[in-house]
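Enquirer: If you scroll down you'll find the structure; I have some questions about it.
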Amino acid sequence: TKRVLLFKILLFYVIFYGCLAGIFIGTIQVMLLTVSEFEPKYQDRVAPPGLTQVPQVQKTEIAFTASEPRTYEPYVRNLDNFLRDYSAELQTENIVFQDCGDVPTEYKERGPYNDAQGQKKVCKFKREWLENCSGLNDPTYGYKDGKPCILVKLNRIIGFKPQAPVNESLPPEVMAKYSPNLIPVHCVAKREEDVDKIGTVEYYGMGGYPGFGLQYYPYYGKLLQPRYLQPLVAVQFTNLTYDVEVRVECRAYGQNIVYSDKDRFQGRFDIKFDIKSS
Amino acid sequence: MNVGCHTSNFIHVPRSRQFGNKNFSSLMLCSLQFSVSLGMQDDHRLSTSDLEKKYGTSIDKGLSSARAAEILARDGPNALTPPKATPEIVKFLKQMIGGFSILLWIGTGFSWISFGIQLAQGVDSAFDNLYLGVVLALVVILTGIFAYYQEAKSTNIMASFSKMIPQQALVLRNAEKKEVPADQLVVGDIVEIKGGDRIPADIRLIFTQGCKVDNSSLTGESEPQSRSCDFTHENPLETRNIAFYSTTCVEGTATGIVINTGDRTIIGRIASLASGVGNEKTPIAIEIEHFVYLVAGVAISIGVLFFIISVSMRYKILDSIIFLIGIIVANVPEGLLATVTVSLSLTAKRMAKKNCLVKNLEAVETLGSTSIICSDKTGTLTQNRMTVAHLWFDNQIYSADTSEDQTTQPFDQSSPSWTALSKIVTLCNRAEFRPGQENLPIMKRVVVGDASETALLKFSEVILGDVMSIRAQNKKVAEIPFNSTNKFQLSIHETDDPHDKRFLLVMKGAPERILERCSTIMINGKEEPLDSEKAEAFQTAYMELGGMGERVLGFCHLYLPENEFPENFKFDTDSMNFPTSNLCFVGLLSMIDPPRSTVPDAVSKCRSAGIKVIMVTGDHPITAKAIAKSVGIISATSETVEDIAKRLNIPVEQVNRREATAAVVNGMELKDMSSEQLDEILREHSEIVFARTSPQQKLIIVEGCQRQGAVVAVTGDGVNDSPALKKADIGIAMGIAGSDAAKNAADMVLLDDNFASIVTGVEEGRLIFDNLKKTIAYTLTKNIAELCPFLIYIIASIPMPIGTITILFIDLGTDIIPSVALAYEKAESDIMNRRPRNKRKDRLVNEQLAVYSYLQIGIMQSVGAFVTYFTVYAEQGFLPSTLLGVRVDWESNAINDFEDSYGQQWTKYQRTYLQWTGYTAFFVSITIQQVADLIIRKTRRNSIFRQGLFRNKVIWVGIFSQIGIALILTYGLGHVTALNFTPLRFQYWFVAVPFAILIWVYDEIRKLLIRRYPGSWWDKNMYY
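Pasting the structure below:
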């Protein structure tokens, strides 16, 4: 009878938890029905966008010795992996890709956020635009010469249209290559004392503009633009002081790109360089 | 002088074998006697001059002030040292490490250890662990302080209670009489006492005048004992020339030398010995301990299990430790012990209003689980005042009203015999009302005089009105007061009729002595010769009244012939120049200390509640039995062995003892009984009266009851009751009649000395036990909803659904007031109709309660909360399928482009903020479902609709507070980063509502099936 009792209890809990599981799955399914598969219901937590760099590094530090390939090999591999999607041979299908020109232009609206018209086209992004940092000529992206490249990208947000900055608010260097359809990117020394250690900074972007062209926006999401290429800006530090930690902050500028004290990656990021001479 | 243990009969020392292993009490009493004998040595034998020499004092002048101050400095004040209290710091530390505190301290320790390690590793979020540790420590300290404060508050009630107006003593110093506070008395002081005073120290009497003392607080014997200067007995406790500290002088005056003060007095020694009797754990303390072990066991085993799981899933040890902290925090109901304390103190307050003052909070519940009450008779069951109960005149017995607030007497007062009798009652009485009480009800007025005379005075005052003026109109010309050789009292009066110049002689006394002196008897106002037939009638009536345990007095009178006793006749009470025989017998009056009017009802309530009421009294068995019968302790139909023997007319030995449900046990019999015999009596008879018992025997009775496995409540007032009060599971001291020592030893003080108040206390105690069950069930439920997130987080690697700090906000924030509100819940059925709980079987937290709360309602709550969690994430871009297994990347600080289900990229902070939104949603869902949980916990068996949703208003205060606090946390403090709350979209408050309704419906079905199929499998497994 003890067995019978145990069995009864077991049976009860099997039924009980079975029902609960059913209710749980049922409710989740109903909830999912109310959610669109093309765009999320709310974006208040993800916008305004973050600004991130490639290579992705722990503790935001790039440390290597130029003469020892082993020390920068992970960064190079990271960059290689990331740029694979940007190779010219992968951007040949005209059904998917569209040539959006070599200079920043207006937003490219592609209709409503659903698949009524099938998938949406995406703008091509030419790897050559990244010049010294494209990895095409120098497969070590300048690391072997102690002139490291990083790639800067704005986080993807569905439907987000970054607005070009108003003139007055920008640092003069940024104004040098101004376009009304450009979200400029600019890197400076984070700390006052690092200003003279940072050296020259080269920017490579579409058509030589140091920023993101507006024609790449808005983003239509993973389902409608599975092969979307987010615009990149390569930043090369050609004359960094060796053997000291140099902290660099890069910002993207735009009217709806804001910075926050709490989120250090919103619209900007900072990164440390520590290049050993030997 | 070396009085052995067994030679004195002052304290009935039980033979030690009766105690088995528990012979501490016999030892105690034995050592008491021994020390008493030593300490007192021979003060009672010394002559006055020897005493003067011994104590360096003078009977005429007393001590000098300087000398008195010297002795005071040497001996200390004349006051009992209060029982040694546990130092406050120890009490405080006990609260800090008791209960769940240890678990939380462990959590704190782990938090700080992981903070240290992470700090050394340079992890950004290291400080989170520091804060968590600080919060946990704060929680322990604050709940500890709270519990300590509650405890201290209830102790303070007691302290204020014991601080009575300082007693004064009239002392002779520097040859001057002056009043000094009694605690300033020193050995050698000459003090004067008079009727009504409390004896201020142990005193050797050197001058007395009609002095009588009431030693009941010492010996339990309420009959006043006379005191004189003569050395009458070897034993200092028996001799007449010593009066003891804390006893009262009933009448007369006396002067004496103080021979012992403070703790060196007899009472002081008894009190200090009583404190040696250990305190046993209260039933509720045992229950709570059991519950703490249970929950701690669950917490530790789940914690360790998941520690092993997470280590074997290749989590870092440090992470595993952090999970362990979370699991502990989720499992421990941090607020519960505070809630229990509050609930108990609320009940204590409610009981105080009903005249039960609880010294120890836990005693509240103990009273509820009481299965035997050993009650005193005098003052507790009875009104503690003699009252005229019956009259006999004209060959007929009349009953008088004995209630507490009588204003008239209903019996037939038209007979002229009554007029004659009332005159004797009024005139032959020396008792008087103290002046200035005209506005008080007659029954409440203070009277100078002994108990019987007081009863007669009040009786006649009620019927006739102003007795004093009647006495004034019938001027007293001579009087012989009552004495034990004559056994009568006599007085001679002028009559109030101005034309009647005769004197009226009135007499009262022991009925048989009065009858001896009579030759006629008054029937319907006419004097008739007292023949044998009438004498027979008198005997029958006398026996009947005596058989009811009443004290009977006979009354007779004689109008003295005018010719022999002219107006100016000089009566001489010494030569008795007047007739004292051939009087006219008028009637009988019988008196008793009547039961309180509320007691019979209370006793029958106890009976239906399965509580055995045992009367323990020092009174005569007949009186005890009569009172027991009239209050229902011995029910109308049950018989004692002696009753059966009488009915069947066979010797007592031949009666089948099992047929007798009732038993009246005499103290002398008890003395010779072995513990097995006592056990047998306690087992075999359901209605027991112990008569003529000494307070020491009370202890034996209590121990006997406890051997039966009973939870025993004992009432007591005397100092000698204190060991029994301590030994009892719940000692109840009398607030009015009780001595300080008794109050100190007791767990509870009955402010009105009324037995009925105990019964209301029992009811409250039972109710709080039921309600604590509900509170605990309510509190435990959400622990699962707090724990599941951790387990699923570890196993499925989803983003953390709820934070440790958030859990603390539920446990110590939203849940506190609702769980206290359950303490206000009314009983589901008549709780006084079921048996007392079996302390071994009926646990506070039983398996069913834990299983139902943890595995059923708790899981349902978790499901509801998880639905909300997944909804929040899905609507922000993370569909449930994307969430599985993301933990490592999700929590990585290096990844600031974390991709969601739509291809959007999230920075670390954006994810963390979303995670906090998830915490808030989870928190809100638990809160919403806890509202349903609160409602279902209102009853355990009945439908909520039968109990009434709105009857307990406090529940609604709880619900509103719960939601209010949640609103404040979410929207008010949503921007304080450290708290991990974020403002939440309003619709998310309603996601869990269907689950809350589901919980309610499911529980109603559970209750319905329990009611429908009592005793079924469902009932056994689902009723907690």
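First to last, the sequence lines map onto chains X and B. Throughout the first sequence, residue numbering follows my numbering, covering 1 to 278 in sequence. Throughout the second sequence, residue numbering follows my numbering, covering 10001 to 11024 in sequence. Note that beta-carbon positions come from the ideal geometry of N, C-alpha and C, so glycine has one too.
What did DSSP end up calling residue 10666 of chain B once you bin it into helix, strand or coil?
Expert: Indexing the second sequence from 1 puts residue 10666 of chain B at position 666. Of the three classes helix, strand and coil, the one that applies to residue 10666 of chain B here is strand, per DSSP.
Enquirer: Quick check on residue 10488 of chain B: does DSSP put it in helix, strand or coil?
Expert: For this step, residue 10488 of chain B is matched to residue 488 along the second sequence. In this structure, residue 10488 of chain B counts as strand in the three-state DSSP scheme.
Enquirer: Helix, strand or coil for residue 10129 of chain B? Go by DSSP, reduced to three states.
Expert: For the purposes of this step, residue 10129 of chain B is identified with residue 129 of the second sequence, where counting begins at 1. The answer is helix: DSSP assigns residue 10129 of chain B an H, G or I state.
Enquirer: So, helix, strand or coil for residue 11006 of chain B, using DSSP?
Expert: Within the second sequence, the letter at position 1006 stands for residue 11006 of chain B. Three-state result, residue 11006 of chain B: helix.
Enquirer: Would you call residue 273 of chain X buried or exposed, if buried means 16 or more other Cβ atoms sit within 10 Å of its Cβ?
Expert: Start at 1 with the first residue of the first sequence, and residue 273 of chain X comes out as number 273. Looking at its Cβ environment, which holds 16 or more other Cβ atoms inside 10 Å, residue 273 of chain X is buried.
Enquirer: Which residues, in order along the segment 10913-10931 of chain B, keep a beta-carbon less than 9 Å from a beta-carbon of chain X?
Expert: Answer in chain order: 10913, 10914 and 10917.
Enquirer: Quick one: what does DSSP say residue 10642 of chain B is sitting in, helix, strand or coil?
Expert: Counting from 1 along the second sequence, the entry for residue 10642 of chain B is found at position 642. Of the three classes helix, strand and coil, the one that applies to residue 10642 of chain B here is helix, per DSSP.
Enquirer: Which same chain residues, not among the five before or five after residue 266 of chain X, have their C-beta less than 8 Å away from its C-beta?
Expert: Translated into the one-based positions of the first sequence, residue 266 of chain X becomes position 266. Excluding sequence neighbours, residue 266 of chain X sits near 48, 49, 50, 51, 258, 259 and 260.
Enquirer: What are the residues of the segment 10852-10865 of chain B that lie near chain X, defined by any Cβ-Cβ distance shorter than 8 Å?
Expert: The segment 10852-10865 of chain B vs chain X, Cβ under 8 Å: 10855, 10856, 10859, 10860 and 10863.
Enquirer: Whole angstroms are fine: how far does the CA of residue 10658 of chain B sit from the CA of residue 10079 of chain B?
Expert: In the second sequence, residue 10079 of chain B corresponds to position 79, counting from 1. In the second sequence, residue 10658 of chain B corresponds to position 658, counting from 1. Computed Cα separation, rounded: 51 Å.
Enquirer: For residue 10893 of chain B and residue 10972 of chain B, I'd like the C-alpha separation in whole angstroms.
Expert: Against the second sequence, residue 10893 of chain B aligns to sequence position 893. Against the second sequence, residue 10972 of chain B aligns to sequence position 972. Whole-angstrom Cα-Cα distance: 29 Å.
Enquirer: By Cβ distance below 6 Å, which residues in the same chain neighbour residue 10534 of chain B in space, the five residues on each side in sequence not counted?
Expert: If you number the second sequence from 1, residue 10534 of chain B lands on position 534. Hits under 6 Å: 10521.
Enquirer: Pull up the CB-CB distance for residue 10059 of chain B and residue 10070 of chain B, whole angstroms please, since I reckon it's below 8 Å.
Expert: What you label residue 10059 of chain B is simply residue 59 of the second sequence in a count that begins at 1. What you label residue 10070 of chain B is simply residue 70 of the second sequence in a count that begins at 1. Rounded, the Cβ-Cβ distance is 20 Å, inconsistent with contact.
Enquirer: Pull out every residue of the segment 46-73 of chain X whose Cβ sits closer than 8 Å to any Cβ of chain B, in chain order.
Expert: Flagged, chain order: 46, 49, 50, 52, 56, 57, 58, 59 and 60.
Enquirer: Can you give the beta carbon distance from residue 11026 of chain B to residue 10693 of chain B, rounded, assuming they're within the 8 Å contact cut?
Expert: In the structure as shown, chain B begins at 10001 and stops at 11024. Residue 11026 of chain B is therefore absent and cannot be evaluated.
Enquirer: To which residues of the same chain is residue 6 of chain X closer than 8 Å at the C-beta, ignoring the five residues directly before and after it?
Expert: As a working mapping, residue 6 of chain X is identified with position 6 in the first sequence. No residues qualify anywhere along the chain.
Enquirer: Step through the CB atoms of chain B and report whether any lies within less than 8 Å of the CB of residue 221 of chain X.
Expert: Translated into positions along the first sequence, residue 221 of chain X becomes position 221. With 8 Å as the cut-off, residue 221 of chain X counts as an interface residue toward chain B.
Enquirer: What residues in the segment 10997-11021 of chain B have a beta carbon less than 8 Å from any beta carbon of chain X?
Expert: Within the segment 10997-11021 of chain B, the residues whose Cβ lies closer than 8 Å to some Cβ of chain X are 10998, 11017 and 11021, listed in chain order.
Enquirer: Near residue 148 of chain X, what residues of its chain come up, given a Cβ to Cβ distance below 8 Å and the 5 sequence neighbours on each side ignored?
Expert: Locating residue 148 of chain X in the first sequence gives position 148, where the first residue counts as 1. Taken in chain order, the residues that qualify are 62, 64, 72, 75, 141, 142, 236, 237, 240, 273 and 275.
Enquirer: When you compare only the Cα positions, how much space is there between residue 137 of chain X and residue 211 of chain X?
Expert: Within the first sequence, numbered from 1, the residue matching residue 137 of chain X stands at position 137. Within the first sequence, numbered from 1, the residue matching residue 211 of chain X stands at position 211. The alpha-carbon atoms of residue 137 of chain X and residue 211 of chain X are separated by roughly 22 Å.
Enquirer: Taking all protein chains shown into account, do 16 or more other C-beta atoms lie within 10 angstroms of the C-beta of residue 10968 of chain B, making it buried, or fewer, making it exposed?
Expert: Reading the second sequence from its first residue, position 968 is the one you call residue 10968 of chain B. Its Cβ having fewer than 16 others within 10 Å, residue 10968 of chain B is exposed.
Enquirer: So, are the CB atoms of residue 10638 of chain B and residue 10662 of chain B less than 8 Å apart?
Expert: The count along the second sequence starts at 1 and reaches residue 10638 of chain B at position 638. The count along the second sequence starts at 1 and reaches residue 10662 of chain B at position 662. For residue 10638 of chain B and residue 10662 of chain B, yes; Cβs fall inside 8 Å.
Enquirer: Pair every Cβ in the segment 10911-10921 of chain B with every Cβ in the segment 10829-10846 of chain B, then say whether three or more of these pairs are closer than 8 Å.
Expert: Verdict: no, contact absent.
Enquirer: Tell me, which residues are paired with residue 272 of chain X by DSSP?
Expert: Translated into the one-based positions of the first sequence, residue 272 of chain X becomes position 272. Answer is X:61 and X:247, bridged to residue 272 of chain X.
Enquirer: Less than 8 Å between the beta carbons of residue 10853 of chain B and residue 10780 of chain B, yes or no?
Expert: As a first step, residue 10853 of chain B must be located in the second sequence, where it is residue number 853. As a first step, residue 10780 of chain B must be located in the second sequence, where it is residue number 780. Yes.
Enquirer: Please identify, using Cβ separations under 8 Å, the residues of the segment 175-201 of chain X that lie next to chain B, in order along the chain.
Expert: Residues passing the 8 Å Cβ filter: none.
Enquirer: I'd like to know whether the C-beta atoms of residue 3 of chain X and residue 10904 of chain B end up nearer to each other than 8 Å.
Expert: If you number the first sequence from 1, residue 3 of chain X lands on position 3. If you number the second sequence from 1, residue 10904 of chain B lands on position 904. Cβ atoms of residue 3 of chain X and residue 10904 of chain B: not closer than 8 Å.
Enquirer: In three-state terms, what does DSSP make of residue 11016 of chain B?
Expert: As a first step, residue 11016 of chain B must be located in the second sequence, where it is residue number 1016. If DSSP states are grouped into helix, strand and coil, residue 11016 of chain B belongs with coil.
Enquirer: Counting only Cβ pairs nearer than 7 Å, list the residues of chain X close to residue 10890 of chain B.
Expert: Residue numbering aside, residue 10890 of chain B sits at position 890 when the second sequence is read from its first letter. Here the premise fails: no neighbours, minimum Cβ distance about 14 Å.
Enquirer: Which value, in whole angstroms, describes the spacing of the CA atoms of residue 10250 of chain B and residue 10949 of chain B?
Expert: The sequence position of residue 10250 of chain B within the second sequence is 250, counting from 1. The sequence position of residue 10949 of chain B within the second sequence is 949, counting from 1. Approximately 58 Å, taken between the alpha carbons.
Enquirer: Does any CB atom of chain B fall closer than 8 Å to the CB of residue 125 of chain X?
Expert: Within the first sequence, the letter at position 125 stands for residue 125 of chain X. Taking Cβ atoms only, chain B never reaches closer than 8 Å to residue 125 of chain X, which makes this a no.
Enquirer: Measure from the C-beta of residue 10870 of chain B to each C-beta in chain X and report whether the shortest distance is under 8 Å.
Expert: Against the second sequence, residue 10870 of chain B aligns to sequence position 870. Residue 10870 of chain B counts as touching chain X.
Enquirer: Do you know whose CA, among B:10913, B:10870 and B:10195, lies nearest residue 32 of chain X's CA?
Expert: As a working mapping, residue 32 of chain X is identified with position 32 in the first sequence. Comparing Cα-Cα distances from residue 32 of chain X to each of B:10913, B:10870 and B:10195, the minimum goes to B:10870.
Enquirer: Can you give me, in chain order, the residues of the segment 86-114 of chain X that have a beta carbon less than 8 Å from any beta carbon in chain B?
Expert: Listed by position, the residues of the segment 86-114 of chain X near chain B (Cβ gap below 8 Å) amount to none.
Enquirer: What separation, rounded to the nearest whole angstrom, lies between the Cα atoms of residue 10018 of chain B and residue 10710 of chain B?
Expert: What you label residue 10018 of chain B is simply residue 18 of the second sequence in a count that begins at 1. What you label residue 10710 of chain B is simply residue 710 of the second sequence in a count that begins at 1. Annotation note: pLDDT 34 at residue 10018 of chain B (below 50); position unreliable, no value reported.
Enquirer: When you compare the CB of residue 10121 of chain B with every CB in chain X, is at least one pair closer than 8 Å?
Expert: Position 121 of the second sequence, counted from the first residue, corresponds to residue 10121 of chain B. Taking Cβ atoms only, chain X never reaches closer than 8 Å to residue 10121 of chain B, which makes this a no.
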